[in-house]
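Below is one structure, written out as structure tokens; the observations come after it.
Residue numbers (the numbering used here), protein chains in the order written: chain A, 1 to 283; chain B, 1001 to 1259.
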């Protein structure tokens, strides 16, 4: 299957209901693409459904799933994947990403939990991703998640992630903040993690803020501004791998749209700086 | 790092069973082996607060009429017991309803608990329905008698034992009143959800209209009046027509093009 690269470009923003009307009224130039959780928008009519339709008619979208539960032992919800495929077709959504995680075990628990880092779990998850890609007839982008515990750990997070990605032959949604949060919480070097992922598979990246519980423990809340070390890690990624599309996520303590757009513009300026740098080097 | 690091026979499914059992019920399940208790507690809190947030948003009155402890115990029991199947977040409210209907078993609950929850769910469900309808114009409403009418898919006639719309911290009835509470909940032309109190007779008429094979509104009203077996069927027909006109004006009744 073909890579998802270049299906979206530039800078993106996770679309939330609280600022949907505002985005419809103003359509800021700095946002090149939006992202939504399909579970929040599929089958939706009424006011919200109409507003959503008006947005997808104007601007490129990607879907970022929360409920597929790729690492769960529960049966894969193929009806959901089929419905997702129709939804993506109706709204001309470019592609779909999901978390390397699970959120159900004998029923949905509606939030992300860490898959045990074992070889068997990696193969199980990769097989499910391949099935999803077969149904969608398109690769998906897999996100490296933040985790606060590693039950039954047999291998490193990095080996687990890379095994799944290789076995599934999928693309990557690189979450820069998650690398940083995990590096602090689990005591590893963020840059060496970044360096070791198969960069040719990056479809796009996420950047977000987190909550500092104490200096050795961070919680990935998407509820604060992006901090400088995370911006620097993004710049490192652009330096090493070239510039790729990058999207700002904000789920809690959502500020004024103008403030969100400032962070989107920060992404843009880092992208421009590195695009320029790479051009000069190749000239 | 886990104690299992050198054990090649880690059963990841068993790990997930232990992990989720704790998250559903941290007070009675052990912390999974090899995981720090405070990290497990963090996960349990994150997932529980997430569910509580969804339910509090969908069932504000239900939350308000319980003490914080009672409310959290109710959410906890749902989270611990119920196997939710929907992947859609807006349908968590439906999962909660089905839990109240089939799994909830607590004799201390308010007798109207399920009815109130249903009433609160209806507003959410109607606001999100993916249907559009054409509201009849004034001329058509004036000449309603010759039209065949249908209930709009965006209008739900509902009958409750309790006056669910009145329930509040200072009104918590322990037994239902003599008369049922009948309502039509509907989405108006501006996509806002509205509630209309109706008489039990109007509720009956709407029920009748949905199953009637009559080809016109007048025919339907005539049959309805006959079925009631009243002394003055003309009166029922006349009042019934006014009611149907009123409901058609609100988009609750629409034209049925099916033959």
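Using N, Cα and C, we set each Cβ at its ideal position, and we do this for glycine too.
From the beta-carbon of residue 27(A), no residue of chain B is found nearer than 7 Å; the closest lies around 22 Å away.
Judged by beta-carbon spacing, residue 1152(B) lies beyond the 8 Å limit of residue 1193(B), meaning their Cβ atoms are not closer than that value. Here DSSP, grouped into helix, strand and coil, assigns residue 1166(B) to helix. Of the other Cβ atoms in all chains shown, 16 or more fall within 10 Å of the Cβ of residue 146(A); this residue is therefore buried.
Out of 169(A), 131(A), 213(A), 229(A), the CA that lies nearest to the CA of residue 179(A) is found in 229(A). Under the three-state reduction of DSSP output, residue 1156(B) falls in the strand class. Here residue 143(A) is bridged, per DSSP, to 99(A), 173(A). Annotation: the region 52 to 119 of chain A contains the following complete segments of the beta strand (DSSP E) (minimum length 3 residues), in chain order: 61 to 64, 96 to 99, 102 to 104, 108 to 113. Rounded to whole angstroms, the Cβ separation of residue 222(A) and residue 208(A) is 5 Å, and the two are in contact under 8 Å.
Here residue 206(A) is bridged, per DSSP, to 175(A), 247(A). In terms of beta-carbon proximity, residue 1093(B) stays away from the interface with chain A, with every pair separated by 8 Å or more.
Here the C-alpha atom of residue 1223(B) lies approximately 35 Å from the C-alpha atom of residue 1120(B). Of 32(A), 65(A), 119(A), 64(A), the smallest CA-CA separation from residue 1010(B) is found for 119(A).
Its chain contains 218 as the residues whose beta carbon lies nearer than 6 Å to that of residue 184(A), once the 5 sequence neighbours on both sides are disregarded; these appear in chain order. Annotation note: the region 1013 to 1094 of chain B contains the following uninterrupted alpha helix (DSSP H) runs of length 4 or greater, listed N- to C-terminal: 1037 to 1058, 1060 to 1064, 1068 to 1081. Remark: C-beta atoms of residue 1157(B) and residue 1184(B) approach each other more closely than 8 Å. Taken in chain order, the whole beta strand (DSSP E) runs of length 3 or more contained in the region 1170 to 1249 of chain B are 1181 to 1187, 1193 to 1198. The residue from 249(A), 103(A), 189(A), 241(A) with its alpha-carbon nearest to that of residue 206(A) is 249(A). For residue 220(A), there is no enclosing alpha helix (DSSP H), as DSSP marks it with neither H nor E. Chain-order list of chain B residues neighbouring residue 121(A): 1012, by C-beta distance under 8 Å. Proximity of residue 1085(B) to chain A, defined by a Cβ-Cβ separation below 8 Å, is satisfied. Taking one beta carbon from each stretch, the region 36 to 51 of chain A and the region 64 to 75 of chain A have 3 or more pairs nearer than 8 Å; the two touch. Of all C-beta pairs linking the region 79 to 98 of chain A to the region 1096 to 1106 of chain B, fewer than three are shorter than 8 Å, placing the two stretches out of contact. Using a Cβ-Cβ cut-off of 8 Å, residue 183(A) does not count as an interface residue toward chain B, since no Cβ of chain B sits closer than that to its own. DSSP, read as helix, strand or coil, puts residue 1100(B) in helix.
Contact of residue 1023(B) with chain A by beta-carbon distance below 8 Å involves 109, 113. Distance from the CA of residue 1065(B) to the CA of residue 1020(B), rounded to the nearest whole angstrom, comes to 30 Å.
Excluding residues up to 5 positions away in sequence, 69, 70, 71, 72, 113, 115 lie with their Cβ nearer than 7 Å to the Cβ of residue 102(A) in the same chain.
DSSP places residue 1253(B) in the strand class (E or B) of the three-state scheme. The region 1 to 20 of chain A makes contact with the region 89 to 109 of chain A, as at least three CB pairs between them are under 8 Å. For residue 1050(B), at least one C-beta of chain A is nearer than 8 Å to its own C-beta. Using a 10 angstroms sphere on the CB of residue 125(A), the tally of other CB atoms reaches 16 or more, which defines it as buried. Take the alpha-carbon of residue 8(A) and the one of residue 1094(B): they are about 36 Å apart. Contact between residue 28(A) and residue 234(A) is ruled out by a C-beta separation of about 20 Å, above the 8 Å threshold. Residue 1213(B) has its alpha-carbon roughly 45 Å from the corresponding atom of residue 106(A). Partner residues in a beta bridge of residue 1112(B), as assigned by DSSP, do not exist.
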